[in-house]
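Have a look at the structure below, then the notes.
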Amino acid sequence: MLLLNTIRHDTIWGGPKIERYTGVVGSTIGHLYSLYCRDGISNEILNGQWAGRCLNEVFPLFRDDIRLSKYKYFPLTLALTEADQNLSIQVHPDDNMADSIHSGTRGKRESWYFIETPDSGSIINGCTCRNEDEVLAMIAGKRFMEMADTLPVNAGDYVFVEPGTLHAITAGSLVYEIEEGSDQTYRFYDYDRRDEHGNPRELHIEQASIALHPKLKSRTCQYPEDGEIAEATYATRLIKKQYQYTNESATMECFTFISGRMQADGFNVKPGSTVMLWPSETVQTNNVELAFVARPNINH
Numbered sequence: 011m012l013l014l015n016t017i018r019h020d021t022i023w024g025g026p027k028i029e030r031y032t033g034v035v036g037s038t039i040g041h042l043y044s045l046y047c048r049d050g051i052s053n054e055i056l057n058g059q060w061a062g063r064c065l066n067e068v069f070p071l072f073r074d075d076i077r078l079s080k081y082k083y084f085p086l087t088l089a090l091t092e093a094d095q096n097l098s099i100q101v102h103p104d105d106n107m108a109d110s111i112h113s114g115t116r117g118k119r120e121s122w123y124f125i126e127t128p129d130s131g132s133i134i135n136g137c138t139c140r141n142e143d144e145v146l147a148m149i150a151g152k153r154f155m156e157m158a159d160t161l162p163v164n165a166g167d168y169v170f171v172e173p174g175t176l177h178a179i180t181a182g183s184l185v186y187e188i189e190e191g192s193d194q195t196y197r198f199y200d201y202d203r204r205d206e207h208g209n210p211r212e213l214h215i216e217q218a219s220i221a222l223h224p225k226l227k228s229r230t231c232q233y234p235e236d237g238e239i240a241e242a243t244y245a246t247r248l249i250k251k252q253y254q255y256t257n258e259s260a261t262m263e264c265f266t267f268i269s270g271r272m273q274a275d276g277f278n279v280k281p282g283s284t285v286m287l288w289p290s291e292t293v294q295t296n297n298v299e300l301a302f303v304a305r306p307n308i309n310h
């Protein structure tokens with residue numbers, strides 16, 4: 011198994027809820043990345059033969075063994091995400107668009123499990139537009155709040171966001187986030203916020219307009235008891251109060267510990283951290299109150 015150190019990411023819309031996972035008081039943490047594997051930044055490995063090295067350095071050494079040869083980096087990103095303010099109204103490209111604009115890259119599918127309900131009881135998801143003419147008129151008039159539909163959500167809900175779906179989590183949300191390892195996000199609207207240098211945050215109206223599929227809208231569901239939710243490129247499951255967990259897949263699985271107590275390979279695992287399990291490997295979970303398992307879909 012590989013125990014990963016978390017990566018803290020402060021954001022303009024982050025807040026204090028993730029403080030209990032980091033111990034950093036007075037923070038504006040938007041993401042606590044328990045698994046991030048890309049150019050320039052990745053989680054440090056805490057145990058074993060690669061202790062002190064980063065996941066993006068060592069993934070090429072074992073990717074063939076776990077049937078992920080086609081990926082330069084591990085293809086999932088996992089995080090606890092807090093929205094102290096509404097996130098930007100945005101859209102992600104699908105695989106075809108991502109590859110055509112950013113050659114060799116993938117689009118982004120993502121999912122959220124709501125640990126805490128947003129203040130409004132809903133998130134932004136989908137379009138209100140009845141036809142393509144309305145879409146074009148609202149984009150031309152920058153009427154993005156009018157264009158944005160909403161989806162009611164509660165703690166315990168799972169939401170999958172297909173590429174091309176207009177979306178944003180809203181203030182008060184605390185979620186476990188699963189997404190494909192892609193950085194392609196196009197913003198329509200960001201509430202006129204400014205960055206740390208006082209400049210308006212970048213928008214991507216042209217790319218967002220091309221990426222948008224106005225008829226797409228997500229729905230809420232719950233994890234089945236003792237079962238998983240499978241999307242096109244990944245599958246996840248919810249773990250609650252069981253004695254142990256064994257990776258029965260043919261690829262590496264990511265066990266993200268949220269609450270309770272947990273030890274692995276002689277370490278006290280911190281809440282919000284991910285332990286990567288080799289095929290057939292078992293981890294003891296008898297004191298774990300809440301955790302998630304995520305794995306890439308190797309058949310996609």
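Numbering of the sequence shown is given in my numbering, commencing with residue 11 and proceeding in unit increments.
From the three backbone atoms N, C-alpha and C, an ideal C-beta is built for every residue, glycine too.
All values reported here derive from a predicted model rather than from experimental measurement.
Practice item. May I ask you to report which of helix, strand or coil DSSP gives A89? Key: Start at 1 with the first residue of the sequence shown, and residue 89 comes out as number 79. Here A89 sits in strand by DSSP.
Check your understanding: Looking only at its own chain, which residues have a Cβ that is under 6 Å from the Cβ of E172, when we skip the five neighbours before and after it?
Key -> Walking along the sequence shown from the start, residue 172 turns up at place 162. The answer, listed in chain order, is L226.
Check your understanding: How many angstroms separate the CA atom of C137 from the CA atom of D193?
Key -> Against the sequence shown, residue 137 aligns to sequence position 127. Against the sequence shown, residue 193 aligns to sequence position 183. Distance between the alpha carbons of C137 and D193 is about 23 Å.
Review point. Quick one, are the C-beta atoms of T91 and G166 less than 8 Å apart?
Key: Translated into the one-based positions of the sequence shown, residue 91 becomes position 81. Translated into the one-based positions of the sequence shown, residue 166 becomes position 156. No, Cβ-Cβ distance for T91 and G166 is not below 8 Å.
Point to revise | Euclidean distance between Cα positions of P103 and V279 | key: As a position in the sequence shown, residue 103 is number 93, starting the count at 1. As a position in the sequence shown, residue 279 is number 269, starting the count at 1. Those two C-alpha atoms are separated by around 35 Å.
Check your understanding: In the DSSP assignment, what are the bridge partners of H160?
Key -> Translated into the one-based positions of the sequence shown, residue 160 becomes position 150. Sequence check: residue 160 is Thr here, not His. Looking at the DSSP assignment, T160 forms a beta bridge with I134.
Review point. Quick one: any contact between the region 47-62 and the region 126-146, if contact means 3 or more CB pairs under 8 Å?
Key: no
**Study point:** the region 118-125 touching the region 210-225, judged by at least three CB pairs closer than 8 Å
**Key:** no
Exercise for review: Have a look at I134, S290, G237 and flag the residue whose alpha-carbon is nearest the alpha-carbon of F302.
Suggested key: Looking up residue 302 in the sequence shown gives position 292. F302 has its Cα closest to that of G237, out of I134, S290, G237.
Check your understanding: With C-beta atoms as the reference, is Q100 less than 8 Å away from Y196?
Key -> Along the sequence shown, read from residue 1 onward, the residue named residue 100 stands at position 90. Along the sequence shown, read from residue 1 onward, the residue named residue 196 stands at position 186. Yes. Within cutoff.
Review point. Buried or exposed: where does D20 fall if 16 or more other Cβ atoms within 10 Å of its Cβ makes it buried?
Key: Position 10 of the sequence shown, counted from the first residue, corresponds to residue 20. Counting Cβ neighbours within 10 Å, D20 comes out exposed, since fewer than 16 surround it.
Review point. What whole-angstrom Cβ distance do G191 and C47 have, given they're in contact under 8 Å?
Key: One-based indexing of the sequence shown puts residue 191 at position 181. One-based indexing of the sequence shown puts residue 47 at position 37. Between C47 and G191 the Cβ distance is about 6 Å, and since that is below 8 Å, they are a contact.
Check your understanding: For N96, which option in A61, H112, M155, Y83 has the closest C-alpha, if you only look at C-alpha atoms?
Key -> Looking up residue 96 in the sequence shown gives position 86. Nearest C-alpha to N96: M155.
Practice item. Determine the burial state of Y43: buried for a count of at least 16 other Cβ atoms within 10 Å of its Cβ, exposed for fewer. Key: Translated into the one-based positions of the sequence shown, residue 43 becomes position 33. Buried: at least 16 other Cβ atoms inside 10 Å.
Check your understanding: By the 10 Å Cβ neighbour count, where 16 or more other Cβ atoms means buried, how is L311 classified, buried or exposed?
Key -> With the chain covering only 11 through 310, there is no way to say anything about residue 311.
Point to revise | Per DSSP, the bridge partner or partners of L248 | key: For this step, residue 248 is matched to residue 238 along the sequence shown. The partner list for L248 (beta bridge, DSSP) reads F302.
Point to revise | Residue environment, R73, which counts as buried when at least 16 other CB atoms sit within 10 Å | key: To locate residue 73, count along the sequence shown from 1; it is residue 63. Flag for R73 reads buried.
**Study point:** contact_flag[the region 303-310, the region 242-258] where n(CB pairs < 8 Å) is 3 or more
**Key:** yes
**Study point:** Continuous beta strand (DSSP E) stretch holding M272: start and end
**Key:** Reading the sequence shown from its first residue, position 262 is the one you call residue 272. Premise fails: M272 is in no beta strand (DSSP E) and is neither H nor E.
Check your understanding: When you compare each of P234, T266, E299 to R333 by their alpha carbons, which one comes out closest?
Key -> The structure shown does not extend to residue 333, since the chain spans only 11 to 310, so no value can be given for it.
Exercise for review: Please go through the same chain and pick out, in chain order, the residues whose beta-carbon is closer than 8 Å to the beta-carbon of S290, but skip the five residues on each side of it.
Suggested key: Here residue 290 is taken as the residue at index 280 of the sequence shown, counted from 1. Same-chain partners within the cutoff: T256, N257, E258.
**Study point:** Contacting residues, own chain, Cβ-Cβ under 6 Å from D105 (five flanking each side not counted)
**Key:** Counted from its first residue, the sequence shown places residue 105 at position 95. For D105, where only same-chain residues beyond five positions count, the Cβ hits under 6 Å are R116, G117.
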